[in-house]
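Protein sequence lines, in the order shown, are assigned to chains A and B. Just so you know, we're using this note's numbering here: the first sequence kicks off at 1 and counts up by one. Just so you know, we're using this note's numbering here: the second sequence kicks off at 1001 and counts up by one.
Number of protein chains: 2
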Amino acid sequence: MGERAQLVTRETLYEGPFRMLVDEIDDGHHRYKRAWVQHPGAVVLIPLLGDDVLLVRQFRHPTGQEILELPAGTLEPGEDPRETAIRELQEECGFKPGRLTEILTGYAAPGYSSEVYHFFRAEDLVASRLPGDVDEDISVERVPLREAVAMAKAGRMGDVKTALGLLLL
Amino acid sequence: MGERAQLVTRETLYEGPFRMLVDEIDDGHHRYKRAWVQHPGAVVLIPLLGDDVLLVRQFRHPTGQEILELPAGTLEPGEDPRETAIRELQEECGFKPGRLTEILTGYAAPGYSSEVYHFFRAEDLVASRLPGDVDEDISVERVPLREAVAMAKAGRMGDVKTALGLLLL
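Put into structure tokens, the structure is as follows:
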């Protein structure tokens, strides 16, 4: 809400890893509703292994298809983004980073979500696996970095975080 | 859903410019729920005026703050992304593009939203205003392109679509 705006009512529609809310807002001139996702934030990893980057291929229910993405994951309650990054890389790719550098944070879709993406470059990877979620079916692909960046520039990466993460290198 | 997965039930929690749904899915091994946003898609404009880019500053309810972003807007039912781009640029910035080039499409947050961003470079701008939404309070800022790109690289742009759009130039 802006400086003048006031929250009139809030309804919780869904509660899970994130919340779906509908707020009624009065900005002094108008009264309107905003449906939005209250999200704890997520990490996006750019894992570098030699001249390659690790990407994950997974079916994404909202899109109805498999997408090739940078590894990513949602913050658990009370978790620091660095911890999430280390955990997710082990769960999704089976590696632990020796060096982890936060390179950017930014909102994913600020019109209807509070989700912040924390982008980390992950280097000096050593094999270390943690079990993942039962409802995730992820395969890891090792792609030459130069090729992945060219795909991102050509618009052939399926999502915005992956294109941005690769272009930031 | 993957190839083996089946939709068991779907509940609609909210219906507006987008829908909030909860699906129950059976993938043959597990049964689980997925809450997600069914979204018609959006355009993201990179409006170039001389050596400057036009950005918009607006309060974004989910983030609790004002953000400086590339102009953007949601597709209306049946609308082609090019039409949305032309309409939104007039509504948010008061310009009509003489030249409009689609440079990338990508999912915004494929884990819980079907929203696709269509990125357009907008050039040869001529003054032309359409009235905007009553619940939007937007101010336009003209920023030297070089400065905006440097801000994006330094992680000082508030959202991912804006950082990506600027880095694509």
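Note that beta-carbon positions come from the ideal geometry of N, C-alpha and C, so glycine has one too. Bear in mind the structure is a predicted one, so any value in this text is a computation, not a measurement.
List the residues of chain A whose Cβ lies closer than 8 Å to the Cβ of B:E1138, in chain order.
-> Taking the first residue of the second sequence as position 1, residue 1138 of chain B is located at position 138. The identity of residue 1138 of chain B in the sequence shown is Ile, whereas the question assumes Glu. None at all; the shortest Cβ gap to chain A is about 11 Å.
Could you check what DSSP says for A:G106 in three-state terms: helix, strand or coil?
-> Looking up residue 106 of chain A in the first sequence gives position 106. In this structure, A:G106 counts as strand in the three-state DSSP scheme.
Beta strand (DSSP E) segment containing B:R1142, residue limits | In the second sequence, counting from the first residue as 1, residue 1142 of chain B sits at position 142. From DSSP, the beta strand (DSSP E) with B:R1142 extends over I1138 to P1144.
Decide yes or no for the touch test of the segment 126 to 145 of chain A against the segment 1069 to 1085 of chain B: beta carbon pairs closer than 8 Å, at least 3 of them.
-> no
Is B:A1108 near B:E1115, with beta carbons less than 8 Å apart?
-> Here residue 1108 of chain B corresponds to residue number 108 of the second sequence, with the count starting at 1. Here residue 1115 of chain B corresponds to residue number 115 of the second sequence, with the count starting at 1. Cβ distance < 8 Å, so B:A1108 and B:E1115 count as in contact.
Amino acids of chain B, ordered along the chain, whose beta-carbon sits closer than 7 Å to that of A:A109 | In the first sequence, the residue the question calls residue 109 of chain A occupies position 109. Ordered by position in chain B, the residues that pass the 7 Å Cβ test against A:A109 are A1108, A1109, S1113 and E1115.
Is it a yes or a no for the segment 68 to 80 of chain A touching the segment 38 to 54 of chain A, going by three-plus beta-carbon pairs under 8 Å?
-> Yes, the segment 68 to 80 of chain A is in contact with the segment 38 to 54 of chain A.
What does A:R60 reach in chain B if we use C-beta pairs closer than 8 Å?
-> Numbered from 1 along the first sequence, position 60 holds the residue referred to as residue 60 of chain A. Within 8 Å Cβ-Cβ: Y1107, P1110 and G1111.
Starting from the C-beta of B:R1146, find all residues in its chain whose C-beta is less than 8 Å away, skip the five residues before and the five after it, and write them out in chain order.
-> The residue given as residue 1146 of chain B occupies position 146 in the second sequence. Taken in chain order, the residues that qualify are D1051.
Candidates A:V37, A:G28, A:P144 and A:E11: closest to B:S1113 by CA position | Walking along the second sequence from the start, residue 1113 of chain B turns up at place 113. Checking every option, the nearest Cα to that of B:S1113 belongs to A:V37.
Give the DSSP-derived three-state secondary structure of A:A72 in the structure shown.
-> For this step, residue 72 of chain A is matched to residue 72 along the first sequence. Of the three classes helix, strand and coil, the one that applies to A:A72 here is strand, per DSSP.
Drop a sphere of 10 angstroms on the beta-carbon of B:M1157, count the other beta-carbons inside from all chains shown, and report buried for 16 or more, exposed for fewer.
-> Working through the second sequence from its first residue, we reach residue 1157 of chain B at position 157. Classification for B:M1157: buried.
Using a Cβ-Cβ cut-off of less than 8 Å, give me the residues of the segment 149 to 161 of chain A that come near chain B, in sequence order.
-> K153, G155, M157, G158, D159, V160 and K161
Under 8 Å between C-beta atoms, does B:A1035 make it to chain A?
-> Position 35 of the second sequence, counted from the start, is the residue given in the question as residue 1035 of chain B. True, the Cβ-Cβ gap to chain A drops below 8 Å.
Is B:T1162 buried or exposed, if buried means 16 or more other CB atoms sit within 10 Å of its CB?
-> As a first step, residue 1162 of chain B is located in the second sequence; it is residue number 162 there, counting from the start. Classification for B:T1162: buried.
Between the segment 88 to 106 of chain A and the segment 49 to 66 of chain A, are three or more C-beta pairs nearer than 8 Å?
-> yes
What are the partner residues of B:P1097, as DSSP defines its beta bridges?
-> Start at 1 with the first residue of the second sequence, and residue 1097 of chain B comes out as number 97. In the DSSP output, where bridge partners are listed per residue, B:P1097 has B:L1125.
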